[in-house]
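*Asks:* Take a look at this one; I'll ask things after.
Protein chains: 2
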Amino acid sequence: MAEVNRQWRLISRPVGAVKKSDFEWREEPIPVPNEGEVLVKQIYLSLDPANRIWMNEQDSYMPAVVLGDVMRGMSLGVVVESKHPSFSKGSFVQAMIGWQDYALFPGKVLTPIPKLPIPLTTYLGLLGHIGLTAYVGLLDITHPKEGETLVVSAAAGAVGSIVGQIGKIKGCYVVGIAGSDEKCEWLKKELGFDATINYKTENVAERLKALCPKGIDIYFDNVGGEILDAVLGQINKKARISVCGLISGYNAEKPKPGPYYFPNILVKSAKIEGFIVTDYVHRAQEVMNDLGQWFMAGKLKFKVDVVDGLENAPLAINKLFDGSNQGKLVVKVSEEPS
Amino acid sequence: MAEVNRQWRLISRPVGAVKKSDFEWREEPIPVPNEGEVLVKQIYLSLDPANRIWMNEQDSYMPAVVLGDVMRGMSLGVVVESKHPSFSKGSFVQAMIGWQDYALFPGKVLTPIPKLPIPLTTYLGLLGHIGLTAYVGLLDITHPKEGETLVVSAAAGAVGSIVGQIGKIKGCYVVGIAGSDEKCEWLKKELGFDATINYKTENVAERLKALCPKGIDIYFDNVGGEILDAVLGQINKKARISVCGLISGYNAEKPKPGPYYFPNILVKSAKIEGFIVTDYVHRAQEVMNDLGQWFMAGKLKFKVDVVDGLENAPLAINKLFDGSNQGKLVVKVSEEPS
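Right, dumping it as structure tokens:
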């Protein structure tokens with residue numbers, strides 16, 4: 005057990021890519037729980053595209069992180085001291101510990117994690133907010149039908165890789181867009197995508213035209229920008245676009261224009277809808293049931309990209325935006341208890 | 005009865021505003037019906053923003069008008085000769101006669117118009133495709149709830165003026181955006197809008213902020229462009245945007261960027277949906293019932309802007325885009341039979 009609470013505090017709003025100097029490294033005393041509180045030690049820190057939005061000055065669906073505060077983040081941890089009857093020492097929980105070793109919580113905000121013979125990181129991914137995001141963003145927003153064409157961007161990312169596999173389970177023809185040939189191979193050979201596009205080396209609009217001869221019915225968008233435009237130019241009547249993320253714009257230093265093909269929303273009677281996973285927590289039970297069954301049946305695969313050490317968090321988050329990560333990005337902050 | 009069939013044929017794709025020279029004036033023999041056909045003489049020609057789209061080279065939800073063909077348009081006419089058992093001479097019908105005096109139709113594509121003590125033009129407006137557009141575009145797409153804030157652009161136009169009034173019937177706070185002080189006065193004093201913005205003399209974003217202190221829940225968009233952007237910057241969580249038209253772009257000579265505030269779709273979990281009235285013909289019976297009742301009860305008012313003479317059609321259509329028309333724009337092609 006570390007004898008201090010190591011922390012990354014946000015001290016300036018990043019411009020473009022995140023720099024280490026946007027954060028201050030602090031070592032503080034480990035906090036002590038009061039009655040009703042639980043002290044949690046972090047094992048895995050989840051790095052998600054939304055984290056980058058929280059660093060900006062403007063509030064989004066969550067308030068901006070205040071300068072000087074510990075950076076916010078979702079975590080998986082272990083209880084090291086409990087003054088709450090529902091949590092005992094050694095049990096695993098999910099919580100917003102943030103970019104530090106330890107945090108105190110009132111018992112009611114902690115989500116207990118069952119001890120099952122599956123990797124702990126699954127709960128920060130497939131059986132956590134990532135799986136819920138992929139499931140409701142695809143099924144609740146776009147209602148895919150058998151035989152429809154589904155395009156997914158950031159397809160080798162945590163959410164995108166699950167979306168494409170759910171699309172296959174639902175009988176869609178699935179095209180994934182990703183940032184390397186290696187990722188594209190993985191999507192096709194391991195995850196069963198029908199086709200892929202490497203957006204770094206191929207012309208996305210031309211390849212979509214070649215790969216989607218019947219047009220595009222559904223687009224699950226993680227990136228926005230030019231790829232969204234390429235898709236909008238080829239949508240079918242009554243197409244549905246689920247906006248999960250717009251990461252191509254998160255690092256932007258000034259506002260970018262919206263899609264040039266926007267008028268196709270009218271011409272094609274199409275729908276574009278954004279969503280935030282926190283609005284779908286009431287669906288979690290049912291969704292985890294489905295995802296768990298598909299996972300056990302081998303229909304859903306899930307990859308975790310582990311970065312070692314809390315000290316590497318500030319630079320590791322850039323992997324989500326430069327196309328270098330594959331699967332769910334997490335930071336291993338401490339060893340899993342045996 | 006004119007002894008020739010006067011016609012406007014489209015001979016070049018307009019660039020920007022429509023010019024008379026984009027059309028050719030022709031005088032042809034009046035066609036003669038074969039068995040099963042009906043000869044219809046036009047009384048009123050409907051001019052609608054979509055007409056401008058049909059003049060462009062690219063197909064939209066309807067194919068582009070072929071160069072050399074009579075310009076397409078919705079009309080209200082009278083049967084002058086019938087070889088179909090369901091239609092007798094002197095009865096009124098709705099049909100796509102286009103920009104000419106006469107046309108032949110197989111009986112099955114004609115919609116009979118009942119003889120009621122209301123103006124004939126009502127059937128090209130409130131009780132026609134305009135009323136259906138306003139009704140389904142607002143109610144079926146955005147599901148307004150009492151107390152919500154609804155913003156309507158092109159509010160003094162045929163569709164917009166009905167949308168705002170339906171919004172009031174449903175208990176919304178309604179803000180209309182229009183192009184002159186006279187129109188704004190009409191919307192407030194005659195139609196019961198809560199507030200208005202003259203987009204030609206006022207800063208739309210600033211006025212929206214002042215007039216919508218609780219933010220915007222619903223936007224009925226007829227125009228797109230900068231006004232859409234001003235609205236998107238001020239939407240509430242779970243806002244719904246119904247895209248009925250994007251007239252600010254119809255005359256554009258090159259593609260325009262989409263809205264800069266597009267990311268708010270994600271941040272606010274908002275929905276943008278386009279629609280085409282022809283997909284809602286199955287709703288017509290029920291919708292006309294509601295609209296008719298509101299009209300009879302004095303809850304819905306409807307204004308018609310009549311231009312005299314088929315010869316004026318090419319220039320009259322520009323009134324839809326320069327902000328100079330108020331209410332439903334029609335061309336009176338021939339006198340109503342007494």
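Taken in order, these protein sequences are the chains called A and B.
Sequential numbering from 5 applies to the first sequence in my numbering.
Sequential numbering from 5 applies to the second sequence in my numbering.
Backbone N, C-alpha and C define an ideal beta-carbon position, used for all residues, glycine too.
#1: Give the DSSP bridge partners of T1(B), in chain order.
#2: Using a beta-carbon distance cut-off of less than 9 Å, what residues from the segment 268 to 286 of chain B approach chain A?
#3: Give the residues from the segment 62 to 81 of chain B that approach chain A closer than 7 Å (Cβ to any Cβ), ordered along the chain.
#4: Tell me whether the beta-carbon of L130(A) lies closer than 7 Å to the beta-carbon of L324(A).
#5: Check the Cβ-Cβ distances between Y127(B) and every residue of chain A, and say whether any is below 7 Å.
#6: Go ahead and pull the three-state DSSP assignment for G48(B).
#7: Quick check: the segment 20 to 35 of chain A against the segment 281 to 294 of chain A, are at least 3 beta-carbon pairs closer than 8 Å?
#8: Using beta-carbon positions only, say whether N202(B) and A21(B) come within less than 7 Å of one another.
#9: Under the three-state reduction of DSSP, which class applies to P53(B): helix, strand or coil?
#10: Using the Cα positions of I57(A) and R244(B), report the straight-line distance between them to the nearest angstrom.
#11: Could you please give the first and the last residue of the uninterrupted beta strand (DSSP E) stretch that includes N80(A)?
#12: Pull out every residue of the segment 249 to 265 of chain A whose Cβ sits closer than 8 Å to any Cβ of chain B, in chain order.
#13: Suppose you measure from the CA of V44(A) to the CA of Q104(A); what does that come to, to the nearest Å?
#14: Output, in chain order, the set of chain A residues within a Cβ distance shorter than 7 Å of V247(B).
#15: Which ranges does the alpha helix (DSSP H) cover as unbroken runs of at least 4 residues, wholly within the segment 68 to 146 of chain A, from first to last along the chain?
#16: For the pair the segment 205 to 214 of chain B and the segment 315 to 331 of chain B, tell me if three or more CB-CB distances fall below 8 Å.
#17: Using a 10 Å radius around the Cβ and a threshold of 16 neighbouring Cβ atoms, would you call N38(A) buried or exposed?
#18: Hey, is the segment 166 to 184 of chain B in contact with the segment 249 to 265 of chain B, meaning 3+ C-beta pairs nearer than 8 Å?
#19: Sort out for me which residues DSSP pairs W12(B) with in a bridge.
#20: In whole angstroms, what separates the C-alpha of E7(A) from that of W190(A)?
#21: Could you please give the first and the last residue of the uninterrupted alpha helix (DSSP H) stretch that includes I269(A)?
#22: Name, in chain order, the residues that DSSP records as bridge partners for D225(A).
#23: Name the two residues that bound the continuous beta strand (DSSP E) containing D309(A).
#24: CB K242(A) to CB S273(A), shorter than 7 Å?
#25: Can you list, in chain order, the residues of its chain with a C-beta nearer than 8 Å to that of V33(B)? Leave out the 5 residues immediately preceding and following it.
#26: So that I know if they touch, is there some Cβ in chain A lying closer than 7 Å to that of M5(B)?
#27: Does the contact criterion of 3 or more C-beta pairs under 8 Å hold for the segment 115 to 123 of chain B versus the segment 81 to 98 of chain B?
#28: Under 8 Å by Cβ, that's how I've got Y284(A) and L136(A) pegged, so tell me the actual separation to the nearest angstrom.
#29: With DSSP as the reference, label M5(B) as helix, strand or coil.
#30: What residues in its chain sit with their C-beta under 8 Å from that of N316(B), if we drop five residues either side in the sequence?
#31: Please report the distance separating the alpha-carbon of D63(A) from that of L71(A).
#32: Assuming S246(A) and I145(A) are in contact, meaning their beta carbons sit under 8 Å apart, how far apart are those beta carbons, in whole angstroms?
#33: If you draw a straight line from the C-alpha of K332(A) to the C-alpha of E152(B), how long is it?
#34: Count the other CB atoms within 10 Å of the CB of D185(A); is the residue buried (16 or more) or exposed (fewer)?
*Replies:* To lay it out plainly:
#1: There is simply no residue 1(B) to check, as chain B begins at 5 and stops at 342 in what is shown.
#2: Per Cβ criterion, the list reads N268, I269, L270, V271, K272, S273, A274, K275, I276, E277, G278, F279, I280 and D283.
#3: Answer set for the segment 62 to 81 of chain B: S64 and Y65.
#4: Contact: no.
#5: The beta carbon of Y127(B) does not come within 7 Å of any beta carbon belonging to chain A, so the residue lies off that interface.
#6: The sequence given here has Tyr at residue 48(B), not Gly. In the three-state scheme derived from DSSP, where H, G and I count as helix and E and B as strand, Y48(B) is classed as strand.
#7: Inter-segment contact for the segment 281 to 294 of chain A and the segment 20 to 35 of chain A is absent: fewer than three beta-carbon pairs are separated by less than 8 Å.
#8: Taking 7 Å as the Cβ cut-off, N202(B) and A21(B) do not qualify as a contacting pair.
#9: The three-state reading of DSSP puts P53(B) in helix, counting H, G and I together.
#10: Rounded to the nearest angstrom, the gap between the Cα atoms of I57(A) and R244(B) is 23 Å.
#11: In the sequence as displayed, the identity of residue 80(A) is Leu instead of Asn. Residues S79 to S86.
#12: Across the segment 249 to 265 of chain A, CB contacts with chain B closer than 8 Å involve G249, L250, G253, P259, K260, P261, G262, P263, Y264 and Y265, in sequence order along the chain.
#13: Distance between the alpha carbons of V44(A) and Q104(A): 11 Å.
#14: Here the neighbours are I269 and L270.
#15: If only complete runs of 4 or more residues are kept, the segment 68 to 146 of chain A shows the alpha helix (DSSP H) at 133 to 139, in order along the chain.
#16: Cβ pair count under 8 Å is below three, so no.
#17: Exposed, because fewer than 16 other Cβ atoms sit within 10 Å of the Cβ of N38(A).
#18: Contact check between the segment 166 to 184 of chain B and the segment 249 to 265 of chain B: fewer than three CB pairs, one atom from each, fall below 8 Å, which does not count as touching.
#19: Residue pairing of W12(B) in beta bridges, as defined by DSSP: W29(B).
#20: W190(A) has its alpha-carbon roughly 42 Å from the corresponding atom of E7(A).
#21: Taken as a continuous stretch (DSSP letters only), the alpha helix (DSSP H) holding I269(A) covers N268 to V271.
#22: In the DSSP output, where bridge partners are listed per residue, D225(A) has V247(A).
#23: The continuous beta strand (DSSP E) containing D309(A) extends over residues V308 to D312.
#24: Contact check for K242(A) against S273(A) passes: the beta carbons are separated by less than 7 Å.
#25: Reading off the sequence, residue 33(B) comes out as Pro, not Val. Counting only Cβ-Cβ distances below 8 Å, and skipping sequence neighbours, we find V8 and N9.
#26: Residue placement at M5(B) is poorly supported in this model, since its pLDDT is 47, which falls under 50; the coordinates are not used for a value here.
#27: Verdict: yes, contact present.
#28: Sure, about 6 Å apart at Cβ, within 8 Å.
#29: Interpretation of M5(B) is limited by its pLDDT of 47, a score under 50 that renders its predicted location unreliable; the figure taken from the coordinates is listed afterwards. M5(B) falls in the coil class under three-state DSSP.
#30: If we look at N316(B) and ignore the five residues flanking it on each side, its Cβ neighbours are V335.
#31: Near 13 Å, if we compare the C-alpha coordinates of L71(A) and D63(A).
#32: Sure, about 4 Å apart at Cβ, within 8 Å.
#33: Their backbone Cα atoms lie some 40 Å apart in a straight line.
#34: Looking at its Cβ environment, which holds fewer than 16 other Cβ atoms inside 10 Å, D185(A) is exposed.
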